[in-house]
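Going by the numbering used here, 1147 is the number at position 85 of the sequence shown; the sequence numbering is gapless.
Quick reminder that beta carbons are idealized off the backbone N, C-alpha and C, glycines included.
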Amino acid sequence: MESVVERGEPIAGPAVVLAEVAGAIARRTGDGRRALKGNTLLRSFPNFRLASVGEELAKLGAETAAQQKLRGVDALYTALAERLGLILITWDEEQRARSRTIVEAFTPQEALARAS
């Protein structure tokens, strides 16, 4: 993540990314304060854009979910990447596979190797 921030590459996520990051950190570490610090760090990146999940993105997410057979929140990430012309970076193998017909999708390791 540091190299992406240093290079100034755009990073975006739907607003639900904050709850997802906090939940993932808290579940893994058992530390709610650490989870909130993770959110603060993410939001401090100058190239990070938080996208509101308004009606437009919600509709695009619904279409993406239906067409790509994705879970709801996964469809929001994919739809946002498509709308902004960004690559999708995720550890979720199913999401990568199902999203690749509309966006470039990589694991974090693949994305870093590709950028080198």
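Query raised in the report: Along the chain, where does the beta strand (DSSP E) that runs through I1073 open and close?
Result: Run containing I1073: 1073–1076, per the beta strand (DSSP E) assignment.
Query raised in the report: Is the segment 1068–1077 in contact with the segment 1108–1122, if contact means three or more CB pairs nearer than 8 Å?
Result: Taking a contact to require three or more Cβ pairs closer than 8 Å, the segment 1068–1077 and the segment 1108–1122 qualify as touching.
Query raised in the report: Opposite A1113 in the DSSP bridges: which residues?
Result: Here A1113 is bridged, per DSSP, to P1076.
Query raised in the report: Using the C-alpha atoms, what's the distance from S1065 back to A1124?
Result: Rounded to the nearest angstrom, the two C-alpha atoms are 32 Å apart.
**Report entry** Spatial neighbours of I1164 in its chain, beta-carbon cut-off 6 Å, leaving aside the 5 residues before and after
**Finding:** Annotation for I1164: E1144 place their beta carbon closer than 6 Å to its own, counting only its chain and skipping 5 residues before and after.
Report task. Let me know the secondary structure DSSP gives L1150 once reduced to three states. Result -> L1150 falls in the strand class under three-state DSSP.
Query raised in the report: What are the residues that DSSP puts in a beta bridge with F1107?
Result: Paired residue(s): none; F1107 is not in a bridge.
Report task. Label D1136 either buried or exposed according to how many other C-beta atoms from any shown protein chain fall within 10 Å of its C-beta, with 16 as the threshold for buried. Result -> A buried status is given to D1136, since no fewer than 16 other beta-carbon atoms sit within 10 Å of its beta-carbon.
Report task. Decide if A1077 is buried, meaning its Cβ has at least 16 other Cβ atoms within 10 Å, or exposed. Result -> Exposed, by the Cβ-count rule.
**Report entry** Bridge partner(s) assigned by DSSP for A1167
**Finding:** L1150.
**Report entry** From S1178, R1176, S1161, residue whose alpha carbon lies closest to that of A1127
**Finding:** Comparing alpha carbon positions, the residue from S1178, R1176, S1161 closest to A1127 is S1161.
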